[in-house]
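The opening position of the sequence shown corresponds to residue 42 in my numbering, with each subsequent residue numbered one higher. Contents: one structure, followed by commentary.
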Amino acid sequence: MKTRKLVLIIADVVLAAILLLQLLFGARSGVKTVYIKGDVDSLMIQTPENTLNLSKYGEGWVIEEGKIAADADAVQRLVDAVSSVKLLDKVATAGTQTSVEKYGFEDGKKTVVTASANGKVLRTITLGKESVASSQSYIMLDSSNDVYLASGGLKNAFAVDAESLKAPEPKPADTAENDLENASEGAEPSIVTE
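Here it is, written out as structure tokens:
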């Protein structure tokens, strides 16, 4: 009976020690969020197909090619994505051609996003392949060759072109003046219900 009690006590102590170690070391999340300091006033997105330059203009954004007004909400989502990146894990160092190809960083496949403020580069993200989970991408930050698995579907987020970022055309407002004009032409006034 004494041996049995001793074995049970030792087992309890071992299990308590394991639990304590798990609480101390297991509670740390592997997710690391990296932020940039400063307000982004320009973005350059280089995909295999094209290069897109976006610049802050007053309170809004413009697509530099043609100085076309950009959809402020869509551009803000891109700025948010580049300003705060969630790194899940470091998976490799892209020092060899094999690792460059494995993670999709070869020319003609990668996307490079550069965020700047007042002409100073704040962050460069090189996007490689998506992982098996499409909400994760392989990325390299700034001038580092370290390859990270990042959360947030960055590859899809930056798969944009000038057409998809154009500001929507303003719709003519339905006003009493339009109704009077339509009524004078014999048309029924429009009724807006909400």
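Built from N, CA and C at the ideal position, the CB exists for glycine as well. Keep in mind the model is a prediction, meaning the values are calculated, not measured.
Out of Val120, Gly194, Thr139, the CA that lies nearest to the CA of Leu128 is found in Gly194. In chain order, Ala158, Leu163 place their CB closer than 6 Å to the CB of Gly79, counting only its own chain and leaving out the 5 sequence neighbours on each side.
Taking Ala135 as reference, the option from Lys46, Gln63, Tyr179 with the minimal CA-CA separation is Tyr179. According to DSSP, Lys143 shares a beta bridge with no other residue.
Taking C-beta atoms under 8 Å as the contact rule, Ala203 and Glu106 qualify, at a distance of about 6 Å. At a Cβ-Cβ threshold of 8 Å, Val153 and Thr139 do not count as neighbours.
For Asp82, the secondary structure class from DSSP, reduced to helix, strand or coil, is coil. Note on geometry: alpha-carbon atoms of Phe146 and Leu56 lie some 46 Å from one another. Non-local beta-carbon contacts of Ser83 in its own chain, meaning distances under 8 Å to residues more than five positions away in sequence, involve Asn94, Leu95, Ser96, Lys97, Ala156, Ser157, Ala158 in chain order.
Taking Lys161 as reference, the option from Tyr144, Trp102, Asp183 with the minimal CA-CA separation is Asp183. The C-beta separation of Val188 from Ala111 comes to about 31 Å, leaving the pair out of contact by the 8 Å criterion. Taking C-beta atoms as the reference points, Ser124 and Val81 count as a pair closer than 8 Å.
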